[in-house]
Structures are given as C-alpha cells and as structure tokens.
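> I'd like to ask some things about the structure below.
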Amino acid sequence: MANDAEIKSKTKDEGGILETVKVVVQALLIALVIRTLLFQPFNIPSGSLIPTLLIGDYLFVSKYTYGYSKHSMPFSPPLFQGRVWAAEPKRGDIAVFKLPSDGSTDYIKRVIGLPGDRIQMIDGILHINNAPVKRERIADFVTTDAWGRSAPVIQYRETLPNGVSHNIIEREGDTGTFDNTPVFTVPAGHFFMMGDNRDNSLDSRDRSVGYVPFENFVGRAEIIFFSIDEGASAWRIWEWPWTVRWNRMFSTIK
1 MANDAEIKSK
11 TKDEGGILET
21 VKVVVQALLI
31 ALVIRTLLFQ
41 PFNIPSGSLI
51 PTLLIGDYLF
61 VSKYTYGYSK
71 HSMPFSPPLF
81 QGRVWAAEPK
91 RGDIAVFKLP
101 SDGSTDYIKR
111 VIGLPGDRIQ
121 MIDGILHINN
131 APVKRERIAD
141 FVTTDAWGRS
151 APVIQYRETL
161 PNGVSHNIIE
171 REGDTGTFDN
181 TPVFTVPAGH
191 FFMMGDNRDN
201 SLDSRDRSVG
211 YVPFENFVGR
221 AEIIFFSIDE
231 GASAWRIWEW
241 PWTVRWNRMF
251 STIK
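Note that full-length UniProt numbering has the sequence shown beginning at 1, numbered continuously upward.
Written out as structure tokens, the structure is:
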C-alpha cells in the first residue's frame, strides 16, 4: 500500500510538472506569435527623433501595417525574399527598420521620401521634388546639452506634402552638417528616412544609412506604453513616482 501511495504521489507530481511545462510553452508560443505577427516592443536609446520620441520612451510597433518580410521574425531568418501582404509606408510614418548595411541593427526614423522622390536640404529647409516643405517657427524646445544642462533649441512645425505635421528641432540652426545636401533621388522599392532632431540624426542623408529597402521595414511605431527619464532605471520601481513621465503614457505617435 505504501508503494502504491508513493507511485500515485510521483505520478501526480510528474503530471503537475508536465502541465506547468505545457502552460509555459503555450505562453511562449503565444508571445512569439504576437511579437512576429502583431506588435513588438521597442525602447528609444538615442535622441534622433526628439521632440517626437525621447530617450527612455518604450513603444509598440505594429508588425502587420507594412506586411511581413524576413525581418518581421526574430533574427531575420532567410526564409523568403520581399514582403507578403505588403502595404507601402506613407510619408510621415515613424518606422522601425533594419540598417541596410548589416541587416540586423534596429533603427527608427520618419519616412520622408517615397520611391522616385527627389530629396534635398537647402539651408535647413527640407525640399521634396524641388518644392520647399512648409515649416513654422514655434516655441523653443528645452532639451539637454552635452554636459546635461537644460538648453532651449529652435523648434519648427513642419508640414509634409500629404498634410502630415510634426515638430522638428534644429540644434545648430540652419548651418548643421546635413542642412545643405545634394539631391537624393530615391530608387524604386526604397525609402528616405530622417530624424526629427535634424542636426543630431544619423539617417538617409548619410551614406552609412542611405536608402532603406522596403524589405528592411519591421513595422510602424504606434503608441508609447511607458516612458522614463533619461538616465533613470526602469527596474527601480520605487523611483517611478518621480522618474516616470506619466504624461507620455499611452500616447499615440504621430
């Protein structure tokens, strides 16, 4: 009888462990499907999209918006070429993409140029197809300088040809490194990406990034679900009352 009881106890324990393993595996599979097909979380490590996105923002990127490529999956396995259920990015979208030079580094920028467009910066003013893009000076944006001190910088409201409006900043006025460029003609199947922090963004104006193939797009930035001050640690929950940017929580990205 004692042996029978021991056997029943072991069987029950093994069954409980097996059920736990099944639940964990199922949860991981569901998370993988959501991450691959629906939404993927990203955090912002640099200031290239200030003032729209800040260092310390955490956001969800929709994977289905542009369809799916190999870059929609973890580690970008070479299962197929191109995209399925494709829908091209729109001018003004903020999108995550894989850096063309290595196919693995995640970048996030704004879609500025579509296939066939001619893009040029002249004295800090964006030109699309030889026409200057409208920009309006608004109140300065307060950011931090190289020494961590508060510093106001010039801010504009820029309106793209399709009516999408967003704020940009010019740390160096209209004389920054990329404020005067040659004409960039966007090849077929590629897009021209730029940051809203125009003087502090490594983007398609630089050869290290260049034109971004449609296949390299991961998804469109949709919503900020969490935001914490630059330099603060998200895991220090006890500091959240004064380090979390509560006003940015669950705000849509435009």
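For glycine and all other residues, C-beta sits at the position ideal for the given N, C-alpha and C.
Keep in mind that this is a model prediction, so the values were computed, not measured.
1. Residue 294 lies in the alpha helix (DSSP H); which residues open and close that run?
2. Is the Cβ-Cβ distance between Asp-106 and Phe-42 less than 8 Å?
3. DSSP beta-bridge partners for Lys-63?
4. Could you check which residue in Gly-124, Ser-201, Leu-38 has the C-alpha nearest to that of Ser-72?
5. Any idea if Arg-236 is buried or exposed, counting beta-carbon neighbours within 10 angstroms, 16 or more meaning buried?
6. Once you ignore the five residues that flank Thr-65 on each side, which residues in its own chain have a CB closer than 7 Å to its CB?
7. Could you tell me if the beta carbon of Ile-224 falls within a distance shorter than 7 Å of some heavy atom in the ligand ADP?
8. Please name the residue in Asn-167, Asn-197, Ile-224 whose C-alpha comes closest to that of Phe-60.
9. Could you tell me the alpha carbon to alpha carbon distance between Leu-160 and Ser-204, rounded to whole angstroms?
10. Quick check on this structure: which residue in Val-133, Arg-135, Ser-233, Val-153 has the alpha carbon closest to the alpha carbon of Phe-141?
11. Please tell me whether Glu-230 and Gly-56 are closer than 8 Å, where the distance is taken between their beta carbons.
12. By alpha-carbon positions, which one of Val-212, Lys-70, Ser-251, Pro-241 ends up nearest to Pro-100?
13. Tell me the rounded alpha-carbon separation between Asp-199 and Gly-176.
14. Give me the Cα-Cα distance between Ile-138 and Trp-85, rounded to the nearest whole angstrom.
15. Please name the residue or residues paired with Phe-192 in a DSSP beta bridge.
16. For Met-1, is the classification buried or exposed, using 16 other Cβ atoms within 10 angstroms of its Cβ as the cut-off for buried?
17. Apart from the five residues just before and just after Val-164, which ones in its own chain have a Cβ nearer than 6 Å to its Cβ?
18. Is Phe-97 near Asn-216, with beta carbons less than 8 Å apart?
19. Look at Gly-113 and Ile-128 and say whether their C-beta atoms are less than 8 Å apart.
20. Going along the chain, which residues of its own chain have a beta-carbon closer than 8 Å to the beta-carbon of Ala-131, five neighbours each way excluded?
21. How many angstroms separate the CA atom of Leu-49 from the CA atom of Val-25?
This is what the structure holds:
1. Residue 294 cannot be examined here, being either before or after the span of the chain that is shown, 1 to 254.
2. Start at 1 with the first residue of the sequence shown, and residue 106 comes out as number 106. Start at 1 with the first residue of the sequence shown, and residue 42 comes out as number 42. Pairing Asp-106 with Phe-42 gives a Cβ-Cβ distance under 8 Å.
3. On the sequence shown, residue 63 is found 63 positions in, with the first residue counted as 1. According to DSSP, which records beta bridges pairwise, Lys-63 is partnered with nothing at all.
4. Stepping through the sequence shown from its first residue, residue 72 is reached at position 72. Of the candidates Gly-124, Ser-201, Leu-38, the one whose C-alpha sits nearest the C-alpha of Ser-72 is Leu-38.
5. Residue mapping note: residue 236 aligns to position 236 of the sequence shown, counting from 1. Arg-236 is exposed by the Cβ-count criterion.
6. On the sequence shown, residue 65 is found 65 positions in, with the first residue counted as 1. So the qualifying residues of the chain are Ala-87, Gly-219, Arg-220.
7. Ligands are entirely absent from the displayed structure, and the ligand ADP is therefore not among its contents.
8. Within the sequence shown, the letter at position 60 stands for residue 60. Among Asn-167, Asn-197, Ile-224, the Cα nearest to that of Phe-60 is on Ile-224.
9. Walking along the sequence shown from the start, residue 160 turns up at place 160. Walking along the sequence shown from the start, residue 204 turns up at place 204. About 17 Å.
10. Here the question's residue 141 lines up with position 141 in the sequence shown. When C-alpha distances from Phe-141 are compared across Val-133, Arg-135, Ser-233, Val-153, the shortest belongs to Val-153.
11. By one-based count along the sequence shown, residue 230 stands at place 230. By one-based count along the sequence shown, residue 56 stands at place 56. The answer is yes: Cβ separation under 8 Å.
12. Translated into positions along the sequence shown, residue 100 becomes position 100. The residue with the shortest Cα to Cα distance from Pro-100 is Val-212.
13. As a working note, residue 199 is residue 199 in the sequence shown. As a working note, residue 176 is residue 176 in the sequence shown. Spanning the alpha carbons of Asp-199 and Gly-176 requires a straight line of approximately 6 Å.
14. If you number the sequence shown from 1, residue 138 lands on position 138. If you number the sequence shown from 1, residue 85 lands on position 85. Distance between the alpha carbons of Ile-138 and Trp-85: 40 Å.
15. As a working mapping, residue 192 is identified with position 192 in the sequence shown. According to DSSP, which records beta bridges pairwise, Phe-192 is partnered with Gly-113.
16. Within the sequence shown, numbered from 1, the residue matching residue 1 stands at position 1. Bear in mind that the predicted position of Met-1 carries a pLDDT of just 48, short of 50, making it unreliable; the figure below should be weighed with that in mind. Exposed, by the Cβ-count rule.
17. The sequence position of residue 164 within the sequence shown is 164, counting from 1. Spatial neighbours of Val-164 in its own chain (CB-CB distance under 6 Å, excluding positions within 5 residues in sequence) are listed in chain order as Gly-92.
18. Counting from one through the sequence shown, the residue named residue 97 turns up at place 97. Counting from one through the sequence shown, the residue named residue 216 turns up at place 216. One thing to note: Phe-97 has its Cβ within 8 Å of the Cβ of Asn-216.
19. The residue you call residue 113 lines up with position 113 of the sequence shown. The residue you call residue 128 lines up with position 128 of the sequence shown. The answer is yes: Cβ separation under 8 Å.
20. Within the sequence shown, numbered from 1, the residue matching residue 131 stands at position 131. A distance below 8 Å between beta-carbons, with the five flanking residues on each side excluded, links Ala-131 to the following residues of its chain, in chain order: Pro-161.
21. For the purposes of this step, residue 49 is identified with residue 49 of the sequence shown, where counting begins at 1. For the purposes of this step, residue 25 is identified with residue 25 of the sequence shown, where counting begins at 1. So the two alpha carbons sit approximately 37 Å from each other.
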